[in-house]
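First the structure, in the form of structure tokens, and then the observations on it.
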Amino acid sequence: ATTETCEEVISGADGEERTCLTTRGCLQIAGERAGVFAIARDISARKAAERRLRRLSGFFNALALTNQAIMHAESAEALLARACEIVVRHGEVDGAWIGLLDAEGWIRVVADSGSAGEYLTGLRISIDAQREEGHGPNGAAMRDGRPAICNDFLTDPRTRPWQGRARAAGIRASAAFPVRRAGAVVGVFSLYAAQVGFFDQELIELLGELASDISFALDKFGDDSRRRRAEAGLQGALERLHEVSARLIGVQEDERRRLARDLHDDIGQNLTMIKIVLLGMTQSGAYGANEEIREAAEIADRTLQRVRALSVALRPPQLDDLGLVPALRAHLDTTCHHAGIKASFVGGEGLPRVPENIAIACFRIAQEALNNVVRHARATAVVLELRLADGVLALSLRDDGCGFDAAAAFAHAARARSLGLLSMQERAALAGGQLAVLSAPERRVGSEVRVTFPLPGAMS
Numbered sequence: 104a105t106t107e108t109c110e111e112v113i114s115g116a117d118g119e120e121r122t123c124l125t126t127r128g129c130l131q132i133a134g135e136r137a138g139v140f141a142i143a144r145d146i147s148a149r150k151a152a153e154r155r156l157r158r159l160s161g162f163f164n165a166l167a168l169t170n171q172a173i174m175h176a177e178s179a180e181a182l183l184a185r186a187c188e189i190v191v192r193h194g195e196v197d198g199a200w201i202g203l204l205d206a207e208g209w210i211r212v213v214a215d216s217g218s219a220g221e222y223l224t225g226l227r228i229s230i231d232a233q234r235e236e237g238h239g240p241n242g243a244a245m246r247d248g249r250p251a252i253c254n255d256f257l258t259d260p261r262t263r264p265w266q267g268r269a270r271a272a273g274i275r276a277s278a279a280f281p282v283r284r285a286g287a288v289v290g291v292f293s294l295y296a297a298q299v300g301f302f303d304q305e306l307i308e309l310l311g312e313l314a315s316d317i318s319f320a321l322d323k324f325g326d327d328s329r330r331r332r333a334e335a336g337l338q339g340a341l342e343r344l345h346e347v348s349a350r351l352i353g354v355q356e357d358e359r360r361r362l363a364r365d366l367h368d369d370i371g372q373n374l375t376m377i378k379i380v381l382l383g384m385t386q387s388g389a390y391g392a393n394e395e396i397r398e399a400a401e402i403a404d405r406t407l408q409r410v411r412a413l414s415v416a417l418r419p420p421q422l423d424d425l426g427l428v429p430a431l432r433a434h435l436d437t438t439c440h441h442a443g444i445k446a447s448f449v450g451g452e453g454l455p456r457v458p459e460n461i462a463i464a465c466f467r468i469a470q471e472a473l474n475n476v477v478r479h480a481r482a483t484a485v486v487l488e489l490r491l492a493d494g495v496l497a498l499s500l501r502d503d504g505c506g507f508d509a510a511a512a513f514a515h516a517a518r519a520r521s522l523g524l525l526s527m528q529e530r531a532a533l534a535g536g537q538l539a540v541l542s543a544p545e546r547r548v549g550s551e552v553r554v555t556f557p558l559p560g561a562m563s
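Residue numbering for the sequence shown follows the working numbering, starting at 104 and increasing by one per position.
In structure tokens, the structure reads:
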């Protein structure tokens, strides 16, 4: 049997599009195609959650970069232009602009980025509620001093004067935030998106922080305290970005667990039943084709073994059922056996139950490090060690391979956004640990990946 798995968008009977994870396969008997099968799982909710987290992650990054720009900008004009550029580049908005109020009550555009420039050509927006040009979200945000959100731009009565040009520009939602100087509203920070319903509550709050930072910069530009506020804001944004990364990893682990369970419980059981039926047919002599049926049973058995291997790779059952040490031992033995590498496991005796986030981080880091050894190190022996001493859990993986330049590898991974080394480093940090990679290629003494996690209250 041959199988392939892919994500695809399917339209349901109700016309709604859903994202499915579809596995298709072909069953063969004696080299001839005997049938096909397909299994589809609706993963629309998970994909939507991932998109939302990625969107928030992008805006957290925009908030951090804006605070950096506040620290380094040489003028208010340069800062406003940079803020618009950042939010378009790192968020998922199509356009952004900042306008300031002129002496006649009209909002004058002073900075813009993305598709906003074309849309704004010849645009007139007032804060006068008596004028038609003052009915929209931007005028309301300035008059009321609070955000004005329009999540369906083409049908909202407030935006009627601009709906024609918005339709041509692909604008479907907008958000406007007041910009202040010395406590008074002096302008507006406006964003456009191509998706109806784009601006949810969490995103509105985040963009409100961004507008507040812009207001702060205008108010305090040239003041040394501006730098201290921006640095604090940058740290807060980085911490929130850290939290979003942790949530993304949590979503990934939950989906791994669900998919492993589905492979084992659903597909695995179905293949087992196919195998039993085929063997029963062999014993009864049905169809006079025992050899072909026996071959089909062997194919089903090999497919079953592959499904089980995939299930274990996605989420080893020992990790949930027996704990970290048995899971590490099993993975080390299996991987090294298939690769022809001598494996040794040291320590782990009497280790208390490790918190789930740390156990997952330890296992995934060991898994990635061992994969790197098998692929690149040309090693003949590997030692995996797990120790608890003075309330610190330490895991290390050592090999006798060719070694590599660890510093250069991390630098290359950062430039190329390689997920191997960086994912190990990120997983360790998110679980409160520290990762070190030791290697010396010029001496050919192999490599060591070492990670430590504090376990409060746990002693050796």
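Yeah, the Cβ is synthetic: ideal placement off N, Cα and C, and Gly gets one too.
Candidates the options: closest to residue i by CA position
i	options	result
Thr-106	Asp-117, Glu-120, Gly-138, Gly-115	Gly-138
Ala-480	Ala-181, Gly-549, Thr-169, Glu-459	Gly-549
Cys-129	Gly-443, Thr-122, Thr-108	Thr-108
Cys-187	Ile-463, Gly-426, Leu-168, Leu-500	Leu-168
Ser-234	Ala-320, Ala-251, Trp-209, Asp-255	At residue 234 the sequence reads Arg, which differs from the Ser that was named. Ranking Ala-320, Ala-251, Trp-209, Asp-255 by Cα distance to Arg-234 puts Trp-209 first.
Thr-125	Ile-113, Val-196, Gly-134	Ile-113
Glu-401	Gly-134, Pro-557, Asp-117, Ala-532	Gly-134
Gly-161	Val-476, Thr-122, Leu-306	Leu-306
Asp-197	Val-449, Glu-111, Gly-451, Phe-301	Phe-301
Ala-272	Glu-308, Asp-404, Thr-224	Thr-224
Proximity below 7 Å, CB of residue i to CB of residue j
i	j	result
Leu-166	Gly-290	no
Ile-230	Ala-214	no
Val-190	Ala-179	no
Ala-512	Leu-524	yes
Glu-236	Arg-227	yes
Val-554	Ile-463	no
Leu-310	Asn-170	no
Ala-285	Asp-322	yes
Arg-478	Glu-551	no
Phe-292	Ala-320	no
Ala-141	Arg-127	yes
Per-residue burial, residue i [other beta carbons within 10 Å of its own, 16 or more giving buried]
i	result
Asn-474	exposed
Gly-194	buried
Arg-520	The pLDDT assigned to Arg-520 is 49, lower than 50, so where the model puts this residue is not dependable; a value taken from the coordinates is nonetheless given after this. By the 10 Å Cβ count, Arg-520 comes out exposed.
Val-457	buried
Gln-470	buried
Pro-559	exposed
Gly-536	buried
Val-299	exposed
Asp-430	It should be noted that the sequence gives Ala, not Asp, for residue 430. That one is buried.
Ala-269	buried
Leu-275	First, the residue type needs correcting, since residue 275 is Arg and not Leu in the sequence shown. Classification of Arg-275: buried, given that the 10 Å Cβ count is 16 or more.
Gly-217	buried
Gln-304	exposed
Ser-447	exposed
Val-476	buried
Ala-116	exposed
Glu-312	buried
Pro-455	exposed
Glu-110	exposed
Ala-251	buried
Neighbourhood of residue i by C-beta distance below 6 Å, restricted to the same chain and skipping five residues each side
i	result
Asn-460	Ala-534
Gly-239	Arg-261, Thr-262
Ala-484	Lys-445, Asp-503
Val-288	Met-245, Gly-248, Pro-281
Leu-498	Cys-465, Leu-489, Val-554
Arg-283	Ser-318
Ala-442	Val-477
8 Å contact criterion, which residue i and residue j should meet: CB distance rounded
i	j	result
Val-540	Ala-509	4 Å
Leu-294	Ser-277	7 Å
Ala-297	Asn-241	So it is not a contact: roughly 19 Å between Cβ atoms.
Leu-427	Cys-465	6 Å
Met-527	Ala-472	7 Å
Residue-level contact to chain D via CB, residue i, 7 Å cutoff
i	result
Leu-168	Absent from the structure: chain D. Only one protein chain is present.
Residue i CB to nearest heavy atom of the ligand FAD below 6 Å
i	result
Val-476	Judged by which ligands are present, the structure shown has none, so any question about the ligand FAD falls away.
Residues near residue i in its chain [Cβ-Cβ closer than 8 Å; skip 5 each side]
i	result
Ala-172	Leu-182, Arg-185, Ala-186, Ile-189
Gln-266	Phe-256, Leu-257
Val-495	Thr-555, Phe-556, Pro-557, Leu-558
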